[in-house]
Amino acid sequence: MFTGTVVFDLLLPGDSRSLKAKRSYVRPIVAALRRFEVSAAEVGALDLHGRAQIGVAVVAAEAAHVREVLDSCERLVAARPEIELLSVRRRLHGEDD
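With positions in the sequence shown counted from 1, the corresponding number in our numbering is that position plus 11.
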């Protein structure tokens, strides 16, 4: 069994000056990520209006499948024209960890 996690650090558009506006950008991204059958949630920068951190976790029998799913998630987030992807932090845990 392998688990993989990724945290996306996002810069939101200038009009996200309230938590309601921030949610309007974050919620569709989280919903789109969940179509990959992963756990996804906003995990950081909760009090910052112009920034967001979204965490994703996936579990699979093969490490290659975990990498494929995380790659797909990263492509989805990077392709969103309304946000800027500042950084991506990945971790892969196997049976030996």
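Think of the CB as a built atom: it goes at the ideal place given N, C-alpha and C, for glycine as much as any other residue. As the structure is a prediction and not an experimental result, all values here were calculated from the model.
I believe threonine 16 touches valine 70 by the beta-carbon criterion, under 8 angstroms. Please report the beta-carbon distance rounded to the nearest angstrom. Rounded, the Cβ-Cβ distance is 10 angstroms, inconsistent with contact.
Beta-carbon contacts of alanine 52 that lie in its chain and below 8 angstroms, excluding the five residues immediately before and after: Val41, Ile65 and Gly66
Shorter than 7 angstroms from the beta carbon of alanine 68 to some beta carbon of chain B? The structure shown contains no chain B; it is built from a single protein chain.
Host beta strand (DSSP E) of serine 98 (start-end): 95-104
Would you kindly work out how many angstroms separate the C-alpha atoms of glycine 55 and arginine 102, rounded to a whole number? 17 angstroms
Assign alanine 63 to one of two classes, buried (16 or more other C-beta atoms within 10 Å of its C-beta) or exposed (fewer than that). Alanine 63 should be labelled buried.
Determine the contact status of isoleucine 94 and leucine 21, defining contact as a CB-CB distance below 7 angstroms. yes
Where arginine 91 and glutamate 85 are concerned, what is the direct C-alpha to C-alpha distance, given to the nearest angstrom? 10 angstroms
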